[in-house]
Every structure is written in C-alpha cells, then in structure tokens.
Amino acid sequence: MIQAQKGTKDILPEDSSTWQMMEKNALTIFNNANFKEIRTPIFEATELFARGVGDSTDIVNKEMYTFEKSERSITLRPENTAGVVRAYIENGLHRQTPPVKLWYKGPMFRYERPQAGRQRQFHQIGVEMFGSTEAISDAECIYTAIKYLNSLGLNDLDVEINSLGCPKCRETFRNKLKALIKPDLDKYCEDCKVRYEKNPLRILDCKNPQCNELLNTPDIQNLINTDFICDECAEHFSELRRYLDELQVKYSVNKQLVRGLDYYNRTVFEIKSNNLGSQNAVCGGGRYDGLVEMLGGPPTPAIGWAMGMERLYSLIEKQNPPKLDVFVVSDNPLKALKLCEELRNKNISCDFDYGARKFKKQFEKAAKLANFAFVLGEEEIENNTITVKNLTSSHQETMPKAEAIAKFC
Ligand code: ATP
Ligand code: MG
Numbered sequence: 489m490i491q492a493q494k495g496t497k498d499i500l501p502e503d504s505s506t507w508q509m510m511e512k513n514a515l516t517i518f519n520n521a522n523f524k525e526i527r528t529p530i531f532e533a534t535e536l537f538a539r540g541v542g543d544s545t546d547i548v549n550k551e552m553y554t555f556e557k558s559e560r561s562i563t564l565r566p567e568n569t570a571g572v573v574r575a576y577i578e579n580g581l582h583r584q585t586p587p588v589k590l591w592y593k594g595p596m597f598r599y600e601r602p603q604a605g606r607q608r609q610f611h612q613i614g615v616e617m618f619g620s621t622e623a624i625s626d627a628e629c630i631y632t633a634i635k636y637l638n639s640l641g642l643n644d645l646d647v648e649i650n651s652l653g654c655p656k657c658r659e660t661f662r663n664k665l666k667a668l669i670k671p672d673l674d675k676y677c678e679d680c681k682v683r684y685e686k687n688p689l690r691i692l693d694c695k696n697p698q699c700n701e702l703l704n705t706p707d708i709q710n711l712i713n714t715d716f717i718c719d720e721c722a723e724h725f726s727e728l729r730r731y732l733d734e735l736q737v738k739y740s741v742n743k744q745l746v747r748g749l750d751y752y753n754r755t756v757f758e759i760k761s762n763n764l765g766s767q768n769a770v771c772g773g774g775r776y777d778g779l780v781e782m783l784g785g786p787p788t789p790a791i792g793w794a795m796g797m798e799r800l801y802s803l804i805e806k807q808n809p810p811k812l813d814v815f816v817v818s819d820n821p822l823k824a825l826k827l828c829e830e831l832r833n834k835n836i837s838c839d840f841d842y843g844a845r846k847f848k849k850q851f852e853k854a855a856k857l858a859n860f861a862f863v864l865g866e867e868e869i870e871n872n873t874i875t876v877k878n879l880t881s882s883h884q885e886t887m888p889k890a891e892a893i894a895k896f897c
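In my numbering, the protein residues as written are 489 to 897.
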C-alpha cells in the first residue's frame, strides 16, 4: 500500500473542527484589525527564496524542495514572506495608501528531519504589514499575534524580543563578533564556518551544543549584552518596549535572539510555549525594511510574523465535531432526500439513510449524528406532517411540516 510521505500528515475529519476553529479565529481577529487575506502560489521561482530568504540560511541551503520544469528551477514555498513580498510588488499593492496589512495561511514545505513539532509539509498562519517604520506598528504586530494565541486559549507564553539594529550599526557588531570568534573558528560546526563568511550573526542562532558552548565566553557574552545599536535604533526599540508595557504584554529581552532568516533588521521576536517539548517556538517574526527593495520594489519598511499551526494544534483543546441539526428517518429515500434539500436550503444541516433500513437502525445512526430526528413515515407523508424527535430527551411530537422546519429557522 502506498503510504503518506515521511514528514507529512493527513488532517482527518475528526481533527478538522479544531483546524477550522484556528482558521475562524484568525479570520475574525485579523479582519477586525484590518488585515486582508492574501493567497499566493505554493511554488515560486527558486531565485525568489534564494534572494528573499537568504543563501546563508538552513532553509535555502538544506531544506528546499526544488525541481526543474521546462528548464526553470522551481521551489515549493518553505515560508511565505518572500511570496507575499513578490505579490505585493508585482500587483502594485505598494501604490495603496500605507500601511498595507495582509495575512495568509497555508502549507509550507521544508526538507527537515521529521520529529514532534517538525514536519516536511506543515502549515503556517502569518501577517505582513507594509509601509510603516513606526514602533507602534511593531507593537500592533506582536499584540495581534498574542491576541490570536489567547483566542485559542493559549496564555502561558514567553514573548522574547530583541533589536538587531540597522545595517549600519550591525556592521560594527558583526566585525567585533567575527574578531572574537575567529581564534576558535575551526572548532565551530561546518554550517557556522559558512555563516562566519556570509552572515556571522546567524552563528548566535546555531542549535549545535558545541557552538553554543564556544559562544559562552565572557568576551562574547559581553559583546552580546552591550548596547551596540545606534541611537535611532535604540530609540525605536525603547519605544516598542514602552508600547508593549502600556499594552500589558509580558516580554523579555533576549539579546541573543537573531532569528533564522537573513533579512531581518531592528525588531525581532519569538513566542514560545512552555507546554511544547524542544520544538517550543510557536511564532517567529521581525522587521524586514530592506526586503521589498531587494526584491525589486520601492524602498518599503515592513514587519511580520509566522506561526506553526501544527504546534498550535498540539497545544489547544480539541473541538468536538458539531452534530447535524437533523437526521431524516424514512423508508422512502427519495422523499427523505427531497426533505433534506428543503432543509439544507434553509441552512439546516441534515442527512438521511440511503438504504431505507429498519427504523431502529436509522434511529441508532440519527442518535450518533444529529440532535433531532425528523421522522417521515407513511402517515406523515400522507398528512404532510413530520414527527420531530429530540434525540437527547427522546421527547417527540408530530406537527405540520412547515412548523417543524420553522423550529430551526
Ligand atoms: P525552528 O527554530 O523551530 O526551526 P524556524 O526559525 O525555522 O523554527 P520560522 O521559519 O520562523 O521557524 O517559522 C515560524 C514558525 O513555523 C515556527 O515558530 C514554528 O512554529 C513553525 N515551523 C517552522 N518549521 C516547521 C516545521 N518543519 N514543522 C512544523 N512547524 C514548523
Ligand atoms: Mg527551522
């Protein structure tokens, strides 16, 4: 038998109410805050991710599903910021009055080692906000993430924030960090040796314990803990912290937080749950003021985040699938289907038995599936009535058809 691919999972009917709830809450919360949904293709030119995510990242170097079609290199999206930025530029959304606030949901693909909380096809939900450098937009962005998590009943969260500064102030930090790492460079992992050349800050994000150990020297820790960022960036970061304080968001500053993608500047943040194992990050995001321009658009500041929906799913209370309003019990399948269609037109959910089996069997099925049974026997058909049975209390009553239907409208 052909089985699902390693690192992929079916979302079964019994799970879908919970997934629908996650999506419904997103729709409500994001719509209320003026985020508009955007849906972009699942595959894009490989070049988009190479440039937009960055060729010093694990995503681009190791995790992409890339294939050739008609001599074009195509990649299944490993994340959605690059795709949204491409769509934003290509469709002229930058001509709208800023800020342009967007959200998305959908599957992402990364060739990773599957484990709890880590799949090869997984789902993200995310927001992107274009056109504002103001720290208040950073605050709203983070606040929206927390509000969404709270709406799912998730309150035990650690919010970590940091500022990476701008390319100018980062340069000094970068050089100092390189100088401190250099003497031990041969002891760092192979990935970090590449990062050292391409994007040394990412060494701070390495998950290899030996690299972590090597970073744990007083000199390097002192450097991480100095306020290297320039006055303007420091002012932006302190404004953000003030707004978060005013909004009563609990957070901590983690100076070692750099995030996996190459394009971030200034604000970066991560939200972790204490109830997940080692894959404990549910949300990651940050400001990426240079990306729109780098991908061919006009200079446009932007900030966004993405959440892993499988990780959310594993944390939240599962929803029971809703019961049908009505199950039609009848020995005349055609009449039963016609009644069902009449009910469905009135937005009453219902079903019936194709086989016109014994009423006892049909009632058993009705009790499993629905809140009420509409009994349509010979007598009812003749008199244009329905016997309505409450399947919880077993109370039943025969009434004119119109009256039975009106009960649910
Ligand atoms: P991690 O450190 O867990 O690898 P990341 O930095 O690669 O995360 P992002 O690219 O920022 O993650 O994606 C945002 C969120 O998407 C993560 O916080 C996580 O919840 C989720 N996520 C990322 N990769 C996976 C995966 N392979 N399977 C399931 N969820 C994932
Ligand atoms: Mg990752």
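Glycine included, every Cβ here is placed at the ideal spot set by N, Cα and C.
None of these values were measured; they are calculated from a predicted model.
Per-residue burial, LYS524 [other beta carbons within 10 Å of its own, 16 or more giving buried]: Against the sequence shown, residue 524 aligns to sequence position 36. Of the other Cβ atoms in all chains shown, fewer than 16 fall within 10 Å of the Cβ of LYS524; this residue is therefore exposed.
Euclidean distance between Cα positions of GLY540 and PHE597: For the purposes of this step, residue 540 is taken as residue 52 along the sequence shown, with counting starting at 1. For the purposes of this step, residue 597 is taken as residue 109 along the sequence shown, with counting starting at 1. So the alpha carbons of these two residues sit roughly 16 Å apart.
Should GLY605 be counted as a contact of the ligand ATP given a C-beta to heavy atom distance under 8 Å? Taking the first residue of the sequence shown as position 1, residue 605 is located at position 117. Yes, since a heavy atom of the ligand ATP falls inside the 8 Å radius drawn around the Cβ of GLY605.
So, helix, strand or coil for HIS900, using DSSP? The displayed coordinates of the chain run from 489 to 897. Any statement about residue 900 would go beyond what the structure contains.
Considering only their Cβ atoms, is the gap separating LEU728 from ILE649 smaller than 9 Å? Locating residue 649 in the sequence shown gives position 161, counting from the first residue. Locating residue 728 in the sequence shown gives position 240, counting from the first residue. Annotated as proximal: ILE649 and LEU728, with beta-carbon spacing under 9 Å.
Beta-carbon proximity of PRO529 to VAL548, cut-off 9 Å: Walking along the sequence shown from the start, residue 529 turns up at place 41. Walking along the sequence shown from the start, residue 548 turns up at place 60. Against a cut-off of 9 Å, the Cβ pair of VAL548 and PRO529 comes out as no contact.
For ALA790, collect the residues of the same chain with a Cβ closer than 8 Å to its Cβ; drop the 5 residues on either side in sequence, then sort them by chain order. Residue numbering aside, residue 790 sits at position 302 when the sequence shown is read from its first letter. The residues VAL573, GLU616, MET617, PHE618, GLY619, ARG775, TYR776, ASP777, LEU779, VAL780, in chain order, have a CB closer than 8 Å to that of ALA790 in the same chain once the five nearest residues on each side in sequence are set aside.
So, at 6 Å on beta carbons, what are the nonlocal neighbours of CYS897 in its own chain, with the 5 sequence-adjacent residues on each side left out? As a working note, residue 897 is residue 409 in the sequence shown. The residues are LYS834.
LYS811 and ASN859 look like a contact to me (Cβ under 8 Å); what is the Cβ gap, rounded to whole Å? On the sequence shown, position 323 is the one that residue 811 refers to. On the sequence shown, position 371 is the one that residue 859 refers to. Rounded, the Cβ-Cβ distance is 5 Å, consistent with contact.
I want to check one thing, is the minimum distance from the CB of ILE547 to the heavy atoms of the ligand MG below 8 Å? Locating residue 547 in the sequence shown gives position 59, counting from the first residue. Yes - the ligand MG has a heavy atom lying nearer than 8 Å to the Cβ of ILE547.
Spatial neighbours of ALA667 within its chain, please: C-beta separation below 6 Å, excluding the five flanking residues on both sides. Here residue 667 refers to the residue found at position 179 of the sequence shown. Cβ neighbours of ALA667 beyond the five flanking positions: none.
Pull up the distance between the alpha-carbon of GLN884 and that of VAL817, whole angstroms please. On the sequence shown, residue 884 is found 396 positions in, with the first residue counted as 1. On the sequence shown, residue 817 is found 329 positions in, with the first residue counted as 1. Straight-line measurement puts the Cα of VAL817 at about 13 Å from the Cα of GLN884.
Can you look up CYS657 in the DSSP assignment and give me helix, strand or coil? By 1-based counting over the sequence shown, the position of residue 657 is 169. Here CYS657 carries a helix assignment [DSSP, helix/strand/coil].
Taking all protein chains shown into account, decide if GLY614 is buried (16 or more other Cβ within 10 angstroms of its Cβ) or exposed. Here residue 614 corresponds to residue number 126 of the sequence shown, with the count starting at 1. By the neighbour-count rule (16 or more Cβ atoms within 10 Å), GLY614 is buried.
Going straight from the alpha carbon of ASP487 to that of ALA854, what length do you get? Since the first and last residues shown for the chain are 489 and 897, residue 487 lies out of range.
Would you mind stating whether ILE712 and LYS743 have Cβ atoms separated by less than 9 Å? Taking the first residue of the sequence shown as position 1, residue 712 is located at position 224. Taking the first residue of the sequence shown as position 1, residue 743 is located at position 255. Yes; because the gap between Cβ atoms is below 9 Å, this pair is in contact.
Would you say the beta carbon of ARG598 is closer than 8 Å to some non-hydrogen atom of the ligand MG? Along the sequence shown, one-based indexing puts residue 598 at 110. For the ligand MG, at least one heavy atom lies less than 8 Å from the Cβ of ARG598.
Hey, is GLU551 close to the ligand MG, as in C-beta under 8 Å from one of its heavy atoms? Position 63 of the sequence shown, counted from the start, is the residue given in the question as residue 551. Checking every heavy atom of the ligand MG against the Cβ of GLU551, one is found closer than 8 Å.
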